[in-house]
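When you read off a place in the sequence shown, starting at 1, and then add 67, the result is the number in the numbering used here. Below is one structure, written out as structure tokens; comments come after it.
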Amino acid sequence: MSDFTIGLTGGIASGKSEVSRRFEALGIVVADADVAARDVVAPGSPALARIVERFGVDIVQADGTLDRALLRQRVFANDDKRRALEAITHPAIRRRMMDICFAAPGPYVIAAIPLLTEVGGRAAYPWLDRILVVDTPVALQHARLLRRDNINAELADRMIQAQATREQRLALADDVIVNDGHPDALQAQVEALDQRYRELASKR
Ligand code: ADP
């Protein structure tokens, strides 16, 4: 059981997955909030039952799974509905992330939470021991997003602008990985942090 947890965050296409993969290669468990967000609304889950209550039975597909695209449409541009949905899902996601992290083997564990800043930062996740931000200049983030998701520049702009700013994220950071060069440059930064986290965890 791990009792030292690092929250990993960063803007869209900043390089979180690249960083996560490198920590995993060093034997570290990475709990992913995006995965948790899907798991908490699995068929039979209490959160799915509450979503059906609030948004109607047609939000569930024939195979019993949540119609995420339809739900997105229903909450899109409607703050009340979005808040109602988040009031159902966010506590369940936080709980699941906590359970996974506390049960994870290894010297420390990483909780990858892309929207950590947006969902309330430390106040939402008070059990994080440190916060690690992957920081990338917006122009690079934009270029990587275009390439990875094969979308147009305007949509990439909107996706970046819908998130917290670089400054807001950095304000939460205990540690920063700068991802503005070759991906290989990430490796040394990850290895240095891994050493540091192992030391800090062992002093617990
Ligand atoms: P996130 O998980 O933060 O959304 P990714 O790790 O998926 O971001 O990175 C976004 C895209 O940019 C991916 O296609 C990834 O391979 C690429 N990428 C990440 N870091 C670099 C880098 N330093 N140089 C070039 N491409 C990169």
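Ideal placement from N, C-alpha and C gives every residue a C-beta, glycine not left out. Note that the structure is a prediction, hence the values are computed from the model and not measured.
Between the ligand ADP and the CB of Val-201, the shortest heavy atom gap is smaller than 8 Å. Nearest neighbour of Arg-135 by Cα position, chosen from Ala-229, Asp-106, Asp-216 and Asp-147, turns out to be Asp-106.
For Gly-74, the shortest separation between its Cβ and any heavy atom of the ligand ADP does not lie below 8 Å.
Rounded to the nearest whole angstrom, the C-alpha separation of Ala-220 and Ala-268 is 42 Å.
Inter-residue distance for Leu-152 and Thr-232 is about 24 Å (C-alpha atoms, whole angstroms).
Annotation for Val-107: no beta strand (DSSP E) segment contains it, and DSSP assigns it neither H nor E.
Going by beta carbons, Ala-80 and Gln-208 fall inside the 9 Å limit. For Ala-178, DSSP records a beta bridge to Gly-74 and Ala-98.
Using a cutoff of 8 Å, the CB of Leu-222 does not count as near the ligand ADP, since none of the ligand's heavy atoms is closer than that. Just so you know, the alpha carbons of Ala-206 and Tyr-192 end up roughly 29 Å apart.
Collapsing the DSSP output to three states places Asp-242 in a strand.
One thing to note: Cys-168 has its Cβ within 9 Å of the Cβ of Ala-178. Taking all protein chains shown into account, Phe-143 has fewer than 16 neighbouring C-beta atoms within 10 Å of its C-beta and is therefore exposed.
When secondary structure is reduced to three states using DSSP, Ile-198 falls in the strand class. If you draw a 10 Å sphere on the C-beta of Ala-190, you find fewer than 16 other C-beta atoms in it, and that means exposed. Check the Cα spacing between Gly-111 and each of Arg-150, Leu-213, Arg-236 and Gly-131: the tightest is with Gly-131. Annotation for Ser-84: the continuous alpha helix (DSSP H) segment containing it runs 83 to 92. For the pair of segments examined, the segment 213 to 228 was found not to touch the segment 87 to 100: the number of CB pairs separated by less than 8 Å stays below three. Ala-240 and Ile-198 have their alpha carbons spaced roughly 5 Å apart.
Counting only the Cα atoms, Ala-259 lies some 30 Å from Ala-104. Approximately 7 Å separates the beta-carbon atoms of Asp-202 and Asn-246; this is inside 8 Å, confirming the contact.
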